[in-house]
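Notes follow once the structure below has been shown.
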Amino acid sequence: MARAGGAAPSRRLARAPLGPAGAARRRARGAPRPVAQRAGRGPPRRAGRGRGALPGQARGPPPAADVGGPRAAPGQRGRSRRPDARRAPPAGPGRMTDGRLEVTASRVVYENRWMRLREDRTRLPDGSPGLYAVVEKAPAAVIIAREPGHLWLVSQYRHPVGERFWELPQGAWDDRDDAAPEDVARGELAEETGLRAGTVTRLGRLFFAYGISDQRFDVWLAEDLTQGPRDLEPTEQGLQTARFTAAEVDAMLLDGRIADSASVAALGLLALRDR
1 MARAGGAAPS RRLARAPLGP AGAARRRARG APRPVAQRAG RGPPRRAGRG RGALPGQARG
61 PPPAADVGGP RAAPGQRGRS RRPDARRAPP AGPGRMTDGR LEVTASRVVY ENRWMRLRED
121 RTRLPDGSPG LYAVVEKAPA AVIIAREPGH LWLVSQYRHP VGERFWELPQ GAWDDRDDAA
181 PEDVARGELA EETGLRAGTV TRLGRLFFAY GISDQRFDVW LAEDLTQGPR DLEPTEQGLQ
241 TARFTAAEVD AMLLDGRIAD SASVAALGLL ALRDR
């Protein structure tokens with residue numbers, strides 16, 4: 001959070017009184033200029049998770065807000081720009097704001113069959129300009145496939161982090177924007193594990209990383225399971241399926257074998273439901 005502050009008091013060494021000649025030289029150089037106080041001084045903010053510059057983005061004079069969220073421009077050392085007369089004054093008592101950004105321009109930077117990267121030029125609540133990158137992806141389903149005393153997990157290699165982890169079955173239908181969420185859940189479960197669910201119950205709706213993406217996911221509890229064939233996509237080569245006891249899943253959460261935040265959040269919702 002930005003905080004008001006001013007210049008630290010300067011330390012001066014005691015010196016002997018100036019004679020007439022020295023005083024004249026002091027007047028010729030001019031009195032020291034006072035340092036103006038600026039709102040928003042504080043320690044440099046760390047970049048949020050998942051934030052960063054766009055690939056191939058040209059380096060030019062940066063705006064006051066960084067890609068991925070409001071942040072001071074490089075070289076400003078954490079200071080916010082002082083609003084001029086054309087900008088609204090910062091919020092104070094009786095002037096609350098929810099931080100909503102006004103989008104002044106938008107363009108698609110990159111797009112493929114799974115996602116779209118959008119760049120928004122924005123205006124912050126105090127009137128200063130900003131730049132925000134948004135990853136648009138289709139809604140997804142995360143499925144907790146449960147049998148008495150056991151949960152089904154899948155393991156696959158995740159290229160962005162270069163590791164393989166265990167996680168709950170999950171996915172999205174990128175080419176079916178009109179698909180019912182329950183159909184997506186049943187379809188992804190059957191595709192990755194071969195399991196067919198007799199009953200599915202929606203536990204809640206969450207977001208994967210709403211600081212940089214609009215993708216949401218519904219958490220589903222699938223029960224009354226029967227085994228059938230899997231139908232993996234070419235991109236899911238090497239995906240493994242296994243059944244674990246509840247105690248084994250707890251241990252995997254603690255030792256890092258399950259590191260997928262969506263899986264952790266979904267299992268948390270299940271634990272709250274079962275209390």
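Start counting the sequence shown at 1; every next residue gets the next number (the UniProt record's numbering). Cβ atoms here follow ideal geometry from the backbone N, Cα and C, with glycine treated the same way. From a predicted model like this one, the values you see are computed outputs, not experimental measurements.
Residues sharing a beta bridge with residue i, DSSP
| i | result |
| --- | --- |
| Ser155 | Trp166, Gln240 |
| Arg176 | For Arg176, which the question treats as bridged, DSSP gives no partner whatsoever. |
| Leu131 | Arg121 |
| Gln227 | Leu195 |
| Tyr110 | Leu117 |
| Gly171 | Ala141 |
| Glu147 | His150 |
| Asp218 | Ala141, Arg205 |
| Thr235 | Bridge partners of Thr235: none, in fact. |
Residue burial classification, residue i (beta-carbon count within 10 angstroms, cutoff 16)
| i | result |
| --- | --- |
| Ser128 | buried |
| Val219 | buried |
| Arg186 | buried |
| Thr122 | buried |
| Tyr132 | buried |
| residue 300 | No answer is possible for residue 300: it lies beyond the span of the chain, which begins at 1 and ends at 275. |
| Gln170 | buried |
| Leu272 | exposed |
| Gly130 | buried |
| Leu225 | buried |
| Glu188 | buried |
| Pro251 | The sequence as given places Ala at residue 251; Pro does not occur at that position. So Ala251 ends up on the exposed side. |
| Ala197 | buried |
Supposed contact pair residue j and residue i - C-beta distance, whole angstroms, cut 8 Å
| i | j | result |
| --- | --- | --- |
| Glu167 | Ile258 | 6 Å |
| Ala141 | Asp177 | 14 Å between Cβ atoms; not a contact. |
| Ala145 | Ala222 | 5 Å |
| Arg230 | Glu192 | 7 Å |
| Val135 | Ser263 | Not confirmed; about 20 Å, so no contact. |
7 Å CB neighbourhood of residue i in its chain, flanking five on each side removed
| i | result |
| --- | --- |
| Gly60 | Unreliable positioning characterises Gly60 in this predicted model, as indicated by a pLDDT of 44, which lies under 50. The coordinate reading is nonetheless provided below. No residues qualify anywhere along the chain. |
Neighbourhood of residue i by C-beta distance below 8 Å, restricted to the same chain and skipping five residues each side
| i | result |
| --- | --- |
| Ala8 | Note on Ala8: pLDDT 42, under 50, position unreliable in the model; no value is reported. |
Own chain partners of residue i with C-beta closer than 6 Å, once the 5 adjacent residues on each side are dropped
| i | result |
| --- | --- |
| Trp114 | Asp174 |
Stretch pair the stretch 150 to 158 + the stretch 109 to 117: three plus CB contacts closer than 8 Å: no
Across the stretch 233 to 251 and the stretch 200 to 216, are there enough close Cβ pairs to call them in contact, namely three or more that are closer than 8 Å? no
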